[in-house]
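Structure first, then comments.
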Amino acid sequence: MLVLLAEYLVKFYSGFNVFSYLTFRAIVSLLTAFFISLWMGPYLIVWLQKLQLGQVVRDDGPESHLTKSGTPTMGGVMILFSIIIAILMWAYPSNPYVWCVLFILVSYGVIGFVDDYRKVVRKNAKGLIARWKYFWQSAIALVAAFTMYSMAHGMPATQLVVPFFKDVMPQLGLLYILLAYFVIVGTSNAVNLTDGLDGLAIVPTVLVAAGFSLIAWATGNVNFAHYLHIPHLRYAGELVIVCTAIVGAGLGFLWFNTYPAQVFMGDVGSLALGGGIGYHRSVAASGIFIGHYGRCICG
C-alpha cells in the first residue's frame, strides 16, 4: 500500500521514486518482516506460556524428542503476521500473484491453527483428523492452481520447460493444474513433517525462499528471462517481495527457535510456509519451469 502512496507523493518530491524499484522494496520488505517478528516474539512467547499452549509430543517417537514437550508452540502466528504486513506494505496490490499467495498463506494458516488448537488445547497429539486436513488442503490448492492456470487469458496451451534444454517444451495443458496441486500440497506437508526440532524447519525454508527470490526476479525481468531461455512472467517480479518477507520473518523467528528453542512454529506456521513455498515452486521455480508463452505461468 505504501507503493501507491509513494506514487502519489512523487509528484511533489522525486525522491519517493525509489519506492518503485523492486530491489529497494525487496530489501525493506525483508527488514520489515524481520523487525516485526523480532519485536513480536517475546510478547507472543510469554502469552503462549500463560495460556499453557505447549508442544505436545507423541510418545511413540524418539526419547530425545520428549524433552521438547511443553515448549510453546503456534509461534507461526508471528511469522504469518510479519509476512502479511510486509507484503501489504511493499507489494503492488494490483498484482494477481501477490493476492494468490496471500490466499494460500492465510488459508493454510487457518488449517494449521485449527490443527494446533486441537493438539495443545484438547491435548490430542494427532490434531485435526487427517482426512479433513487433506481435504481442505486439496480444495485450497486446486482453487489456487486453477486461478494460476486461468491467468493465461485464453491461452490454454502450457509447456514444460526443462533447464539446459531450451527446445524441449512438452505441452501440459490442463495437467498443469494437477501438477501445481501436488506441488503445493506436497510442499506444505513436507515442511509440516520437518518442524518439531530447534531450527529444523525454518532454516531450509529461509534458504529456499532466498533462492526463489532470485529466480522470481529473473523470470520477472524480460532481459534475464530471454538470456536464460526461460519464460518471462510479466508480474512474477513482485513475488520477490513475498520471498524476502518470508526470509525476514524466518530470520526473526529463528532468534527464538534456535537451540534451545523458546518456541516452535506449529502447524499454523509450517503448513502456511510450505503452501507459500509450494506456490512459488508452481509459479517461478521448481527445478523445472512450467510456462505459457506470452502471458505465462511457470513453475
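1 is the number of the first residue of the sequence shown in the UniProt record's numbering; add one for each residue after it.
Cβ atoms here follow ideal geometry from the backbone N, Cα and C, with glycine treated the same way.
Residue i, DSSP secondary structure in three states
i: P42; result: helix
i: A210; result: helix
i: I72; result: The sequence shown places Pro at residue 72, not Ile. It is a strand residue.
i: D267; result: helix
i: S64; result: For S64, the predicted structure reports a pLDDT of 47, less than 50, and the residue's modelled location is therefore unreliable. The matter cannot be settled from this model.
i: G186; result: helix
i: L51; result: coil
i: L30; result: helix
i: G173; result: coil
i: G196; result: coil
i: G127; result: coil
i: P204; result: helix
i: F224; result: helix
i: A91; result: coil
Burial state of residue i (16 or more Cβ within 10 Å)
i: V1; result: Rather than Val, the amino acid found at residue 1 in this sequence is Met. Exposed is the call here.
i: A145; result: buried
i: V101; result: buried
i: residue 302; result: Nothing can be reported for residue 302, as the shown portion of the chain is limited to 1 through 299.
i: Y21; result: exposed
Residue i - containing alpha helix (DSSP H), residue span
i: E7; result: L2 to L9
i: G248; result: L239 to N257
i: M148; result: A130 to S150
i: I230; result: Neither: I230 is in no alpha helix (DSSP H) and is coded neither H nor E.
i: P96; result: P96 to V120
Option in the options with minimal Cα separation from residue i
i: Y149; options: P170, K126 and P96; result: P96
i: A190; options: M89, F224 and Q137; result: Q137
i: W99; options: L172, L200, I241 and D167; result: I241
i: A91; options: R131, A33 and G15; result: A33
i: L197; options: P260, I184 and A210; result: P260
i: F256; options: V183, L273, L51 and S37; result: S37
i: V263; options: S20, G199, L239 and S213; result: G199
i: C243; options: I230, F212 and L254; result: F212
i: A272; options: T187, I230, Y227 and P42; result: T187
i: T258; options: T147, V106 and A201; result: A201
i: H280; options: G252, V143, I87 and V183; result: V183
Query - Contact the stretch 261-271 vs the stretch 72-82: 3+ CB pairs below 8 Å - result: These segments touch.
Query raised in the report: For the 8 Å Cβ check, are there 3 or more pairs between the stretch 239-257 and the stretch 205-214?
Result: yes
Query raised in the report: On the three-pair Cβ rule with 8 Å, is the stretch 127-136 touching the stretch 105-114?
Result: yes
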